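Colleague: The structure's right below; bear with me while I get my questions together.
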Amino acid sequence: MTPVRLDRRRFLEVGALSLAGLRVLPSLRRAGEEVVVRLRADPAGSRVWFEPRGVAILPGTRIRWELEAGVHTSTAYHPDNARAPWRIPATATPWDSGYLLEPGRSFSVTLTVPGVYDYYCAPHEAAGMVGRIVVGEPGAPPYFPAARPEWRPLPQAAAHGFPEVATIVRHRAIR
Ligand SMILES: [Cu+2]
Numbered sequence: 177m178t179p180v181r182l183d184r185r186r187f188l189e190v191g192a193l194s195l196a197g198l199r200v201l202p203s204l205r206r207a208g209e210e211v212v213v214r215l216r217a218d219p220a221g222s223r224v225w226f227e228p229r230g231v232a233i234l235p236g237t238r239i240r241w242e243l244e245a246g247v248h249t250s251t252a253y254h255p256d257n258a259r260a261p262w263r264i265p266a267t268a269t270p271w272d273s274g275y276l277l278e279p280g281r282s283f284s285v286t287l288t289v290p291g292v293y294d295y296y297c298a299p300h301e302a303a304g305m306v307g308r309i310v311v312g313e314p315g316a317p318p319y320f321p322a323a324r325p326e327w328r329p330l331p332q333a334a335a336h337g338f339p340e341v342a343t344i345v346r347h348r349a350i351r
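Numbering-wise (the numbering used here), the sequence shown opens with residue 177 and increments by one.
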């Protein structure tokens, strides 16, 4: 294959990704870079979501949640956060952004421990506003400790809101 063809293929790939809104992919090439997840709501506030809701990154990548519309949080599933079930790697540090109130406000964490990280929006968890980040090689399931009675259960809509780990790894970003 000639270099020209390679360049053209890359151009087509980048173009297709931009059309799909998956602009995070180029950020996956090196650790130490940043991936942005937007916190969104439709004008009526009847639909709320993280975008992308599933993303794969290299260890050491910073994730920045940026408020676009509505009032939201990014809160790790971890017992330290309102007795939430533990759904981040055992040695990872949980986070909670608190309420992001004004468009443009953002909150960042740098994720260094490989594994699967699930998180939610505190006011919209019951509406299924959850997200999943796969850092490096996630290993094999189960990704999280078994449920304990002292942890509150996942709302049903939240439990169904996480993209499959394999799908995230394959596509790198899931809207
Ligand atoms: Cu929300």
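Think of the CB as a built atom: it goes at the ideal place given N, C-alpha and C, for glycine as much as any other residue. From a predicted model like this one, the values you see are computed outputs, not experimental measurements.
(1) Which one of Pro270, Ile264, Gly246 has the shortest CA to CA distance from Asn257?
(2) Does the separation of the CB atoms of Pro228 and Ile350 fall below 7 Å?
(3) Quick check on DSSP: helix, strand or coil for His347?
(4) Would a C-beta distance cut-off of 7 Å place Phe320 and Arg263 closer than the cut-off?
(5) Distance, Cα to Cα, Leu201 vs Val311?
(6) Does DSSP classify Ala298 as helix, strand or coil?
(7) Between Val213 and ligand 1, is the CB less than 6 Å from at least one heavy atom?
(8) Does ligand 1 have a heavy atom nearer than 6 Å to the CB of Val306?
(9) By alpha-carbon positions, which one of His347, Ala252, Pro290 ends up nearest to Phe283?
Modeller: Walking through what the data contain:
(1) Position 81 of the sequence shown, counting from 1, holds the residue named residue 257. Out of Pro270, Ile264, Gly246, the CA that lies nearest to the CA of Asn257 is found in Pro270.
(2) Taking the first residue of the sequence shown as 1, we reach residue 228 at position 52. Taking the first residue of the sequence shown as 1, we reach residue 350 at position 174. Yes, the pair counts as a contact, with Cβ atoms nearer than the cut-off.
(3) If you number the sequence shown from 1, residue 347 lands on position 171. Here His347 sits in helix by DSSP.
(4) Here residue 320 refers to the residue found at position 144 when the sequence shown is read from its first residue. Here residue 263 refers to the residue found at position 87 when the sequence shown is read from its first residue. For Phe320 and Arg263, yes; Cβs fall inside 7 Å.
(5) Here the question's residue 201 lines up with position 25 in the sequence shown. Here the question's residue 311 lines up with position 135 in the sequence shown. Low local confidence applies: a pLDDT of 46 at Leu201 is under 50, so the model's placement there is unreliable, with the coordinate-based value given in what follows. Approximately 14 Å, taken between the alpha carbons.
(6) Here residue 298 corresponds to residue number 122 of the sequence shown, with the count starting at 1. Helix, per DSSP.
(7) For the purposes of this step, residue 213 is taken as the residue at position 37 of the sequence shown. Not one heavy atom of ligand 1 is found less than 6 Å from the C-beta of Val213.
(8) Looking up residue 306 in the sequence shown gives position 130. Answer for Val306: no, Cβ out of range of ligand 1.
(9) Walking along the sequence shown from the start, residue 283 turns up at place 107. Selected option, being the one with the closest Cα: Ala252.
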